[in-house]
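I have placed the structure first, in the form of structure tokens, so that the comments after it can refer back to it.
Chains as they are written, first to last, in the numbering used here: chain U, 13 to 273; chain Y, 13 to 273.
The structure is reproduced here in structure tokens:
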């Protein structure tokens, strides 16, 4: 997120706030088409970096366009307390699904059930993860919203129901591996459960962004969707904050605040 | 396939031929709803076990309902000389795709290009498989019709294009493993290529069977789809013939003929 301090574009004025995929830089010159204006300052600005920004769009479109949860189905989401996962779970609840979140540590799992209203939260850092997951999905899994990958997800795949859908948003557990990490190949699982698995990048759903942002803003204003944020202060905190995405030490959307505003 | 020798069902007469998933048994009593009549004896009966039977339905529905190949796209199929794969490749050609078949040995690869009209055939049993595959798909892969699984398919996945589709029909290379065989996990590949992978069993597409069988019969009668068969004679050949499915020693549809007819 950035503030416009000089503009040659008709649709941006000095003082406007914009979001975009921007470099870690204090002052930048950017093509007006590469940034999006923030409609109002009525809600905290950081919401436009989480539930009302790309993470919210990613949650909304991946869950609803690929996962298509139905009333009474079981939805599992990994990295469930994160900026994307937390919104996925809350939308799935709104759609009438039973929602199981996977996260690491007591603080995050309690947040999922106590604050966000998930039905069950399972701690992947505990030794009894596989057992607790099995107990959490007595009717199997209809939608698994995949953010994490790795051994965690291998356990989830064991419980896929017939015609399950798996939107694959990311595999953050594996991004820092120098070699491909090995696991059970997925083909037999997909045939047995006649399941669909689809990788996506949010940009492919740009036609839905307007609908998604309006709907999300409505749910936020009605208190149906809550959004957590971890704010670190100061430009020099950027590397530390970035590393937290991989260690799991952040909570909700990781934001670095570089200005008083 | 069986011949009706006694019938209490209105729609079956003595002398009719039927197909179905039936046990290895010389005389059986079967529910009339579990078998399908063969419309005519104008074509060789074994075609109702291959291109005009379940393998043909499997090829047609998986390719067209999940793979959705478009004119000019590249379609790769594994177990390409088999009862399903050979039909997949020929339908993809009819739809205007560039078709690459993967099979084992000179005889099968030559059959694909010389008889069935595939654009390229790649021999997975040769040491240069990975290299030859790469050369065979200079524009990447848009549809991979998966019959085989294992290390062979890991190589194929390296070449998936953006928005590729992977109908997963089977993973015959792994069925006899007692433990899950390990390979690179698929999540990162799916996200990078925004690809769709979907396991299916032909029964899910039963609504399309009528359309599929009529279209396939038309293509067969026009000479656009050819079908190969390996016939072993004698009821006692069943176990040997079954094992050939896993060793790759059959050619096209494996049939055991137990009667003169």
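Where a beta carbon is used, it is the ideal one built from N, C-alpha and C, also for glycine.
Since this is a predicted model, take the numbers as computed values, not measurements.
Contact set for residue i: own chain, Cβ-Cβ below 6 Å, skip 5 residues either direction
i	result
residue 201/U	169
residue 91/Y	97, 159, 160
residue 85/U	109, 154
residue 262/Y	242, 256
residue 87/Y	81, 104, 109, 111, 155
residue 130/U	101, 111, 113, 124
residue 195/Y	166
residue 220/Y	73
residue 174/U	205, 206
residue 46/Y	32
DSSP three-state assignment for residue i, whether helix, strand or coil
i	result
residue 69/U	helix
residue 248/U	helix
residue 198/U	coil
residue 86/Y	strand
residue 175/U	strand
residue 34/Y	coil
residue 110/U	strand
residue 327/Y	Nothing about residue 327/Y can be read from this structure; chain Y reaches only from 13 to 273.
residue 242/U	strand
residue 184/U	helix
residue 153/Y	strand
residue 115/U	strand
residue 170/Y	coil
residue 15/Y	strand
residue 158/Y	strand
residue 265/U	strand
residue 45/U	helix
residue 208/Y	strand
residue 55/Y	coil
residue 63/U	coil
residue 213/U	coil
residue 132/Y	strand
Inter-residue CB distance, residue i and residue j (contact presumed, cutoff 8 Å)
i	j	result
residue 133/Y	residue 113/Y	5 Å
residue 33/U	residue 63/U	At roughly 18 Å, the Cβ-Cβ gap does not stay under 8 Å, so residue 33/U and residue 63/U are not in contact.
residue 167/Y	residue 142/Y	5 Å
residue 42/Y	residue 28/Y	No, residue 42/Y and residue 28/Y are not in contact; Cβ-Cβ is about 13 Å, not under 8 Å.
residue 50/U	residue 60/U	5 Å
residue 77/Y	residue 217/Y	6 Å
Check whether residue i and residue j have beta carbons under 8 Å apart
i	j	result
residue 116/Y	residue 211/Y	no
residue 152/Y	residue 124/Y	no
residue 119/U	residue 162/U	no
residue 230/U	residue 102/U	no
residue 68/Y	residue 250/Y	no
residue 164/Y	residue 136/Y	yes
residue 285/U	residue 66/U	Not covered by the structure: residue 285/U. The range shown for chain U is 13 to 273.
Cβ shell of residue i (< 8 Å), same chain only, five flanking positions each side left out
i	result
residue 38/U	247, 270
residue 48/U	30, 31, 32
residue 198/U	169, 209
residue 122/U	133
residue 83/U	107, 108, 109
residue 264/U	62, 93, 94, 95, 98, 239, 240, 241, 242
residue 40/U	14, 34
residue 184/Y	91, 159, 160, 161, 257, 258
residue 144/Y	134, 135, 138
residue 244/Y	252, 253, 266, 267, 268, 269
Chain-order list of residues whose beta-carbon lies under 7 Å from that of residue i (same chain, five-residue window excluded)
i	result
residue 266/U	242, 253, 256, 257
residue 127/Y	238
residue 44/Y	21, 23, 24
residue 36/Y	250
residue 19/U	25, 26
Neighbour flag for residue i against chain C, beta carbons, 8 Å
i	result
residue 49/Y	Of the protein chains in the structure, U and Y, none is chain C.
*Looking at C-beta atoms only, is the number of pairs between the region 103-112 of chain Y and the region 199-213 of chain Y that lie closer than 8 Å three or more?*
no
_Does the region 147-164 of chain Y come into contact with the region 175-192 of chain Y, if we say contact requires no fewer than three beta-carbon pairs (one atom in each stretch) closer than 8 Å?_
yes
*Any chance the region 223-232 of chain U sits against the region 56-75 of chain U, with 3 or more Cβ pairs inside 8 Å?*
yes
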